[in-house]
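Only one structure is covered here, and it is reproduced in the block below.
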Amino acid sequence: MHFPIPPADIPRPASLNMRFVNNLALLVGLVAGLPAATYPDPHKLPKCALPCCADNFAVAGCKSKLDIDCMCQSKPFVNAVNACLIRNCQPPDLILARKWAADACKSVGHPLK
């Protein structure tokens with residue numbers, strides 16, 4: 101199901117703007133935590149995946165949102181993000197998001213199984 105994009109002049113609730121900022125901060129943190137030469141292009145991560153990472157960080161049990169190594173080893177986090185991707189992403193974006201995550205985890209030495 102697709103919803104039309106609201107015109108730019110319509111005010112958006114502050115909570116939506118904060119959620120976007122938090123999701124963007126998490127993505128930047130994820131990329132910043134990866135070795136520079138090996139991380140996947142953050143622009144290839146579909147937008148539908150951003151809230152999946154941010155909303156499920158607490159289940160990872162990691163101390164920092166920059167700790168990709170910890171998140172990739174956390175089965176509860178990986179499972180929660182995967183379930184969210186299935187709910188929120190269309191099949192082409194789901195495939196891209198899963199590949200991005202697999203590449204990110206592989207780059208820190210913890211390939212997803």
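Counting from 101, one number per residue, gives the positions in the sequence shown under this note's numbering. The beta-carbon is built from N, C-alpha and C at its ideal position, and this holds for glycine as well.
Can you give the Cα-Cα distance for Val181 and Phe157, rounded to whole angstroms? 9 Å
Have a look at Ala160, Leu185, Lys165 and flag the residue whose alpha-carbon is nearest the alpha-carbon of Gln173. Ala160
Please go through the same chain and pick out, in chain order, the residues whose beta-carbon is closer than 7 Å to the beta-carbon of Asp203, but skip the five residues on each side of it. Pro140
Under 7 Å Cβ to Cβ from Trp149, same chain only, skipping five residues before and after it: list those, please. For the sequence presented, residue 149 should be read as Ala rather than Trp. Same-chain partners within the cutoff: Leu185, Cys189, Ala197.
Please return the same chain residues whose Cβ sits closer than 7 Å to the Cβ of Cys170, not counting the five positions on each side in sequence. Ala160, Cys162
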